[in-house]
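Residue numbers 1278 to 1776, in my numbering, belong to the letters of the sequence shown in order.
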Amino acid sequence: MKKGIKYIIGCSAVALVAFAVLLFSCNGKKDRGSANTAFAQSTEKTEDNKGVVEIPKTSLSVVEALQDVNRSISREVLPSVVEIDVTETRTRSKNPFGDTPFFFFGSPQNDFGPDTYQTQGLGSGVIIRKNGDTYYVLTNNHVAGLATEITVKLNDGRQFDGKLVGKDERMDIALVSFEAKDKNIPLAVLGDSDAVQTGDICYAMGAPLGYRQSVTQGIVSATGRSGDGIGNINDFIQTDAAINQGNSGGPLLNIYGQVIGINTWIATGTGGNVGLGFAIPINNIKYAIDEFIQSGKITYGWIGVSLTNVKPEYKESLGIKNEEGAFASQVFADSPAQKAGIQAGDYITELNGNKVTSVDQLVRDVAILRVGQKGKFKLIRGGKTMEVSVTVEERTEKVSNDNSKLWPGFIAIPLTDEVRKQLKVSDKVKGVTVSNVISKSPAAALKLQNGDIITAVNGTKVSNLAEFYAAMDLTKTDSIQFEIWYESGTVKTNTWKKN
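Take a look at the structure:
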């Protein structure tokens, strides 16, 4: 990858061996003194330190104050940061032929059956709540989500059996609990990640490579980063505070010692820290804590729209000016969006008064809407702006994965010069191109294929995306038939009918 490899930063026992560190000692007996003494000495010009920059007492006071902040945050927060040791039970085949992908003479007749084995790993977590004798630890799903055994290790060396309370793969978070009679185990304070700005000083805590109670300092390098599929509904806080394998699930803190994020992954070409660490903003997580405790899962809002980022040439073909937003390329039948009137081809620019800047942002904003809550969407259709109010329903895998209800079941793209060149189509042919046909969708049922060129919808000629989606306006028709261009002539598809 051009930007290096992205690593989820949990750490296995094997990884610890691979990352073993050789420690060298220095036997010099010279008294180096305290840091304060060193600073004081550096302000005195002698023959031995000519050229050393003098440090004014006012500047020294600032440095000392910063050091006091570092010490205070470490002293107050580290007791709430834990190491999480996990055991996972995995299954592998007993096939004596190993990982051979196929057999030249068919599959072997013997049933070798599955085999199970255990693997150990570790990560970090932060204690954020208690209820009676029950303490709750926030961490990553990739740390504890598949664990069959969990051990929570406190900074004072005490160990407790952990229990998985809830987990969520989409957000990559998990909540673990443990029981303790001690009423004085400290809790971390959750901050406001919406207030975080680029340049803010921050601290990462955890157990990198198994080194418990580690603290590193840096700044917030950026906010709103995309994870490219890692925690697919999160944006991320980027930091140059050193984060390594084993830091997963540990807190990212502001200068007030408040948790502003949960450290989750790094971008690296070496396997170790290169100053590109990423944390889930804590405000993305707060509501999930209560849901985990109450039901063990997160209930996501769903409106039933498949969204696509729009390239500049797509906007031109859609007749949209240079506006930010998200393109509704497909809509589920009987979904909240369809019931409210949103159609494939609509360009969404606002949700509840907030500008839509990307698909990722809109997906996150919809996901945190509560079931039954209304979302007011501003959208552009046919060059006109309109508002639609959608009542959010619960997202379930059964509904969101039912491709038979996803209309039209493909993404239409403009017939640009580049596409014409690839498909070897002359300028005389007008229409839109079929791409990303989804299996078991209406498009698949109509036998559409990637690369097909649609020249007409219900007998109406189309030459760009705006005309294509206008012809598919389901408020004006209950059935759709496409005409596909071939060198030998056009062919009509079967007719799709709205239920």
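Backbone N, C-alpha and C define an ideal beta-carbon position, used for all residues, glycine too.
Note that this is a predicted model, so its numbers are computed, not measured.
Distance between ALA1733 and GLY1708 (C-alpha atoms, nearest Å): By 1-based counting over the sequence shown, the position of residue 1708 is 431. By 1-based counting over the sequence shown, the position of residue 1733 is 456. About 7 angstroms.
Contact set for LYS1458: own chain, Cβ-Cβ below 8 angstroms, skip 5 residues either direction: For the purposes of this step, residue 1458 is taken as residue 181 along the sequence shown, with counting starting at 1. Once the five neighbours on either side are set aside, the close Cβ partners of LYS1458 are ASP1410.
Near the ligand HEM: GLN1620 beta-carbon under 8 angstroms from a heavy atom: The ligand HEM is absent from the structure shown, which contains no ligand whatsoever.
PRO1485 in three-state terms, based on DSSP: For the purposes of this step, residue 1485 is taken as the residue at position 208 of the sequence shown. In this structure, PRO1485 counts as helix in the three-state DSSP scheme.
In DSSP terms, what ALA1689 is bridged to: In the sequence shown, residue 1689 corresponds to position 412, counting from 1. Answer is VAL1711.
Residue nearest to SER1681 in terms of C-alpha spacing, selected from VAL1714, THR1710, MET1663, GLY1736: As a working note, residue 1681 is residue 404 in the sequence shown. Considering only alpha carbons, the answer is VAL1714.
CB-CB length for VAL1608 against GLY1649, believed under 8 angstroms: The residue given as residue 1608 occupies position 331 in the sequence shown. The residue given as residue 1649 occupies position 372 in the sequence shown. Incorrect: roughly 20 angstroms between the Cβ atoms, too far for contact.
Between the CA atoms of PHE1569 and GLY1766 - distance to the nearest angstrom: In the sequence shown, residue 1766 corresponds to position 489, counting from 1. In the sequence shown, residue 1569 corresponds to position 292, counting from 1. Spanning the two alpha carbons is a distance of roughly 58 angstroms.
Bridge partners - ASP1260, DSSP secondary structure assignment: No answer is possible for residue 1260: the residues shown for the chain start at 1278 and end at 1776.
Candidates LEU1431, ALA1747, ALA1342, of which the one nearest SER1594 by Cα: In the sequence shown, the residue the question calls residue 1594 occupies position 317. Among LEU1431, ALA1747, ALA1342, the Cα nearest to that of SER1594 belongs to ALA1747.
Cβ distance (whole Å) where THR1425 is taken to contact THR1335 below 8 angstroms: For the purposes of this step, residue 1425 is identified with residue 148 of the sequence shown, where counting begins at 1. For the purposes of this step, residue 1335 is identified with residue 58 of the sequence shown, where counting begins at 1. Not quite, the Cβ-Cβ distance comes to about 57 angstroms (not below 8 angstroms), so this is no contact.
6 angstroms Cβ shell around SER1454 - same chain, five flanking residues per side excluded: Along the sequence shown, read from residue 1 onward, the residue named residue 1454 stands at position 177. Contacts found: THR1411, TYR1413, LYS1440, VAL1442.
As assigned by DSSP and simplified to three states, the class of ASN1561: Here residue 1561 is taken as the residue at index 284 of the sequence shown, counted from 1. ASN1561 falls in the helix class under three-state DSSP.
Residue nearest to TRP1579 in terms of C-alpha spacing, selected from PRO1356, GLY1546, ASP1642: Stepping through the sequence shown from its first residue, residue 1579 is reached at position 302. Taking only the C-alpha atoms, the option nearest TRP1579 is ASP1642.
Residue burial classification, LYS1655 (beta-carbon count within 10 angstroms, cutoff 16): Looking up residue 1655 in the sequence shown gives position 378. LYS1655 comes out buried.
Alpha-carbon spacing of LEU1486 relative to ASP1623, whole angstroms: Locating residue 1486 in the sequence shown gives position 209, where the first residue counts as 1. Locating residue 1623 in the sequence shown gives position 346, where the first residue counts as 1. Using only the alpha carbons, I get a separation of about 48 angstroms.
Identity of the residue in VAL1346, ASN1741, GLU1446, ASP1433 nearest LYS1248 by Cα: The structure shown does not extend to residue 1248, since the chain is modelled only from 1278 through 1776, so no value can be given for it.
Rounded Cβ spacing between SER1503 and ASP1517 (contact assumed at less than 8 angstroms): Within the sequence shown, numbered from 1, the residue matching residue 1503 stands at position 226. Within the sequence shown, numbered from 1, the residue matching residue 1517 stands at position 240. About 18 angstroms separates the two Cβ atoms, so there is no contact after all.
DSSP state of LEU1723 mapped onto helix, strand, coil: As a working note, residue 1723 is residue 446 in the sequence shown. Reduced to three states, the DSSP call for LEU1723 is coil.
Runs of beta strand (DSSP E) wholly within the segment 1559 to 1640 (minimum 3 residues, chain order): 1582 to 1585, 1603 to 1609, 1624 to 1628
Member of GLN1699, ASN1599, SER1491, ASP1729 whose CA lies at the smallest distance from the CA of ILE1350: If you number the sequence shown from 1, residue 1350 lands on position 73. Of GLN1699, ASN1599, SER1491, ASP1729, the residue nearest in Cα terms is SER1491.
TYR1533 (DSSP reduced to helix, strand or coil): As a position in the sequence shown, residue 1533 is number 256, starting the count at 1. DSSP places TYR1533 in coil when its eight states are reduced to three.
LYS1430: first and last residue of the uninterrupted beta strand (DSSP E) it sits in: Taking the sequence shown and counting its residues from 1, the one referred to as residue 1430 is at position 153. It spans 1426 to 1430 - the beta strand (DSSP E) in which LYS1430 sits, taken as one unbroken run.
C-alpha distance - GLY1552 paired with GLU1360, whole-angstrom precision: In the sequence shown, residue 1552 corresponds to position 275, counting from 1. In the sequence shown, residue 1360 corresponds to position 83, counting from 1. Taking the straight line from one Cα to the other gives about 22 angstroms.
Cβ neighbour criterion (16 or more within 10 Å) applied to GLN1386: Locating residue 1386 in the sequence shown gives position 109, where the first residue counts as 1. Any answer about GLN1386 is weak, because its pLDDT of 46 lies below 50 and its placement is not dependable; what the coordinates show is given next. Exposed, since its Cβ has fewer than 16 Cβ neighbours within 10 Å.
Paired residues, beta bridge with SER1454 - DSSP: Locating residue 1454 in the sequence shown gives position 177, where the first residue counts as 1. According to DSSP, which records beta bridges pairwise, SER1454 is partnered with TYR1413, LYS1440.
Spatial distance of PHE1382 from ARG1367 (CA atoms): Counting from one through the sequence shown, the residue named residue 1382 turns up at place 105. Counting from one through the sequence shown, the residue named residue 1367 turns up at place 90. Here PHE1382 scores only 36 on pLDDT, less than 50, and its place in the model should not be relied on; the value that follows carries that caveat. So the alpha carbons of these two residues sit roughly 29 angstroms apart.
Cα-Cα separation, THR1393 to SER1606: As a first step, residue 1393 is located in the sequence shown; it is residue number 116 there, counting from the start. As a first step, residue 1606 is located in the sequence shown; it is residue number 329 there, counting from the start. In a straight line, the C-alpha of THR1393 is about 43 angstroms away from that of SER1606.
Inter-stretch contact (C-beta, 8 angstroms, three-pair minimum) for the segment 1753 to 1764 and the segment 1726 to 1744: yes
Buried versus exposed, by CB contacts within 10 Å (16 or more), TYR1480: Working through the sequence shown from its first residue, we reach residue 1480 at position 203. It is buried - the Cβ of TYR1480 has at least 16 other Cβ atoms within 10 Å.
Proximity to LEU1628 [Cα-Cα], best of LYS1616, GLU1601, ALA1610: Residue numbering aside, residue 1628 sits at position 351 when the sequence shown is read from its first letter. Residue GLU1601 is the option with its Cα nearest to LEU1628.
First through last residue of the beta strand (DSSP E) which encompasses GLU1760: Stepping through the sequence shown from its first residue, residue 1760 is reached at position 483. Looking at the DSSP string, the run of the beta strand (DSSP E) that includes GLU1760 is 1759 to 1763.
DSSP three-state assignment for LYS1655, whether helix, strand or coil: Sequence index remark: in the sequence shown, residue 1655 carries index 378 (1-based). Strand at LYS1655.
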